Amino acid sequence: DQQVKQNSPSLSVQEGRISILNCDYTNSMFDYFLWYKKYPAEGPTFLISISSIKDKNEDGRFTVFLNKSAKHLSLHIVPSQPGDSAVYFCAASSNFGNEKLTFGTGTRLTIIP
Amino acid sequence: GAGVSQSPSNKVTEKGKDVELRCDPISGHTALYWYRQSLGQGLEFLIYFQGNSAPDKSGLPSDRFSAERTGGSVSTLTIQRTQQEDSAVYLCASSPAWGRVDTQYFGPGTRLTVL
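For the protein sequence lines, the chains are S and Z, in the order given. Throughout, my numbering is defined as the position within the first sequence, counted from one, plus 4. Throughout, my numbering is defined as the position within the second sequence, counted from one, plus 1.
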């Protein structure tokens, strides 16, 4: 039972354009959401997070949007750069980030120069 | 470096053999987590340690899996009588304390292949 789903295994975007990665969840107890970025042969690194009391969090080129009613979140990267090419994992936690993480299956983003 | 390290980076074993995977967390981090990623799956939580104790073992898939942590530092994940479905990348993460999941720092993982 996949509680966090990333339905697009891969995405290709032209350099300079916007990349939009999507994530859906089913567990209504989740109230804290994170995005991780993973390069080959490295562990995931934390990118950005959002609490369920917000619907948007922005950090430089990265913005995460949360739609609680739809149980959906998205990561926007603008403008996309070649170094953004990686696998992106969506993750969720409850108790406002004080519980274990549940991860999605990842989306491989490729930025085309 | 000062990051989380794991060894070996790759392990190929025969079905039925036991394997040990090692994690060296960031110095001073009291919380340590084990995850695994099977092919086509997301990262799956296995177990976490706060100091040397493991309050949450709920993710261990069977009694063939066990983990220990000594001295509040190095942790070993042991899989006994390995099966082909155990093939996965096993990831370790550490954080300064339990809670605040955005402070977890991951190691590069151990890729386990069971033939």
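Note that the Cβ used here is the ideal one computed from N, Cα and C, for glycine as well. Model, not experiment: these values are computed from the prediction.
Taking a C-beta distance under 8 Å as the contact criterion, Lys-72/S and Ser-56/S qualify as a contact pair. The contact set of Tyr-91/Z on chain S, defined by CB atoms closer than 9 Å, is empty, because the minimum CB distance reaches about 11 Å.
Burial state of Thr-111/Z is buried, judged by a 10 Å Cβ sphere holding 16 or more other Cβ atoms.
The beta strand (DSSP E) runs lying completely inside the stretch 16 to 47 of chain Z and spanning 3 residues or more are 20 to 25, 32 to 38, given in chain order. Under the three-state reduction of DSSP, Phe-107/Z is assigned to strand.
Counted as a single uninterrupted DSSP element, the stretch harbouring Pro-97/Z is not any beta strand (DSSP E), since DSSP gives it neither H nor E. Annotation: Val-91/S has no Cβ neighbours in chain Z at a cutoff of 7 Å; minimum Cβ distance is about 10 Å. Distances from the CA of Pro-117/S to each of Asn-61/S, Gly-108/S, Ser-89/S were compared; the closest alpha carbon is that of Ser-89/S.
By the criterion of at least three beta-carbon pairs nearer than 8 Å, the stretch 62 to 73 of chain Z is not in contact with the stretch 4 to 16 of chain Z. In this structure, Arg-65/Z lies near Ile-80/Z, with their beta-carbon atoms less than 8 Å apart. With contacts defined as CB atoms closer than 8 Å, Arg-65/S and Val-82/S qualify as a contacting pair. Burial is judged here by how many other beta carbons sit within 10 angstroms of a residue's own beta carbon; Ile-54/S has at least 16 and is buried. For Phe-107/S, the closest of Asp-19/Z, Val-20/Z, Gln-42/Z by C-alpha to C-alpha distance is Gln-42/Z.
Counting the other Cβ atoms within 10 Å of the Cβ of Ser-23/S gives 16 or more, which makes it buried. For secondary structure counted as the beta strand (DSSP E) over 3 or more consecutive residues, the stretch 21 to 90 of chain S holds these complete runs in sequence order: 23 to 29, 36 to 42, 49 to 55, 60 to 63, 66 to 71, 76 to 81.
Of all residues in the stretch 45 to 72 of chain Z, only Phe-46, Tyr-49, Asp-57 come within less than 7 Å of chain S when Cβ atoms are compared, listed by chain position.
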